[in-house]
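To start, the structure itself, in structure tokens.
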Amino acid sequence: DTAVSQTPKYLVTQMGNDKSIKCEQNLGHDTMYWYKQDSKKFLKIMFSYNNKELIINETVPNRFSPKSPDKAHLNLHINSLELGDSAVYFCASSQDLRGEWNEQFFGPGTRLTVL
Amino acid sequence: GQQLNQSPQSMFIQEGEDVSMNCTSSSIFNTWLWYKQDPGEGPVLLIALYKAGELTSNGRLTAQFGITRKDSFLNISASIPSDVGIYFCAGQWDGSQGNLIFGKGTKLSVKP
Chain A
4 DTAVSQTPKY LVTQMGNDKS IKCEQNLGHD TMYWYKQDSK KFLKIMFSYN
54 NKELIINETV PNRFSPKSPD KAHLNLHINS LELGDSAVYF CASSQDLRGE
104 WNEQFFGPGT RLTVL
Chain B
30 GQQLNQSPQS MFIQEGEDVS MNCTSSSIFN TWLWYKQDPG EGPVLLIALY
80 KAGELTSNGR LTAQFGITRK DSFLNISASI PSDVGIYFCA GQWDGSQGNL
130 IFGKGTKLSV KP
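Protein chains in written order, with the working numbering: chain A, 4 to 118; chain B, 30 to 141.
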């Protein structure tokens with residue numbers, strides 16, 4: 004009964020390629036997020052969606068495009084991958100945006116390696 | 030922008046010892062969350078705090094939301110080997126639209 008799932012777990016690809024990471028939550032939450040964790044383990048939010056609407060876009064390059072086909076899914080598509088994109092990407096979800104409804108539940112992460 | 034200062038960066042302790050870590054900020058937060066991340070996994074929520082001065086326990090874990098709303102601490106009592114991992118504080122402020130700011134983490138190592 005995985006609450007927040009991501010695929011793939013590992014992704015190794017060449018510079019310049021386009022790749023996607025999928026995320027699904029079965030918690031019935033309205034809000035989903037994408038985070039990037041760098042090699043020093045620093046977690047930084049990239050995007051958040053509430054009811055399929057983009058809420059936060061934290062100065063992420065245009066090469067990153069989130070897509071939310073429905074409330075349970077938030078996929079991350081990355082164009083023209085660069086070496087600096089190598090990181091672990093986490094999807095998360097919460098019931099809502101604010102206060103006690105913003106307890107965020109994280110997926111297991113996708114380790115992206117760009118060669 | 031908003032920043033959280035988390036300390037210590039790492040801790041090496043003996044099994045059975047108590048542990049304390051904290052986060053401070055120059056800004057006021059209205060929510061503090063404490064997460065633990067095991068290797069190869071996503072962060073898991075340990076404790077959530079919503080009111081200034083609130084003290085909350087979860088088993089051997091105790092966390093407090095500082096009165097000034099600019100700090101929080103997490104204590105772990107009688108540590109065991111499975112406490113090993115990285116602990117993160119995260120805060121949310123009014124108007125942040127769900128944006129959580131994470132501290133840089135405290136890496137805990139427990140020697141059996």
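Cβ coordinates follow ideal geometry from the N, Cα and C atoms, glycine included.
- Secondary structure within the region 64-98 of chain A: not one fully enclosed alpha helix (DSSP H) run of 4 or more consecutive residues is present.
- Residues of chain A with a Cβ closer than 8 angstroms to the Cβ of residue 75(B) do not exist, since the nearest Cβ in that chain sits about 11 angstroms away.
- Straight through space, the alpha carbons of residue 32(A) and residue 59(B) are spaced by roughly 21 angstroms.
- The Cβ atoms of residue 37(A) and residue 49(A) lie closer than 9 angstroms to each other.
- Exposed is the label assigned to residue 69(B), since fewer than 16 other Cβ atoms lie within 10 Å of its Cβ.
- When DSSP assignments are scanned along the region 55-129 of chain B, the uninterrupted stretches of beta strand (DSSP E) that are 3 or more residues long and fall wholly within it turn out to be 60-66, 73-78, 84-87, 90-94, 100-105, 114-121.
- Per DSSP, reduced to three states, the secondary structure at residue 20(A) is coil, with no helix or strand assignment.
- For residue 129(B), the nearest CB of chain A lies under 9 angstroms from its own CB, placing it at the interface with that chain.
- If you draw a straight line from the Cα of residue 98(A) to the Cα of residue 85(B), it is about 21 angstroms long.
- Taking C-alpha positions only, residue 58(A) is separated from residue 126(B) by approximately 7 angstroms.
- Using beta-carbon distances, residue 67(A) does not count as an interface residue toward chain B, since no partner is under 9 angstroms.
- With respect to residue 102(B), residue 81(B) sits apart: the two C-beta atoms are not nearer than 9 angstroms.
- From the beta-carbon of residue 97(A), the residues of chain B found nearer than 8 angstroms are 127.
- With a cutoff of 9 angstroms on beta-carbon distance, residue 67(A) and residue 72(B) are scored as not near each other.
- In the DSSP assignment, the residues bridged to residue 51(A) are 36(A), 59(A).
- Interface annotation, residue 56(A): not in contact with chain B, CB-CB separation never under 9 angstroms.
- Using a Cβ-Cβ cut-off of 9 angstroms, residue 105(A) counts as an interface residue toward chain B, since at least one Cβ of chain B sits closer than that to its own.
- The C-beta of residue 62(B) comes closer than 9 angstroms to at least one C-beta of chain A.
- Chain B places a beta carbon closer than 9 angstroms to that of residue 61(A), counting this residue as a contact.
- Taking a beta-carbon distance threshold of 9 angstroms, residue 53(A) counts as an interface residue toward chain B.
- With 16 or more other Cβ atoms from the protein chains shown falling within 10 Å of its own Cβ, residue 100(B) counts as buried.
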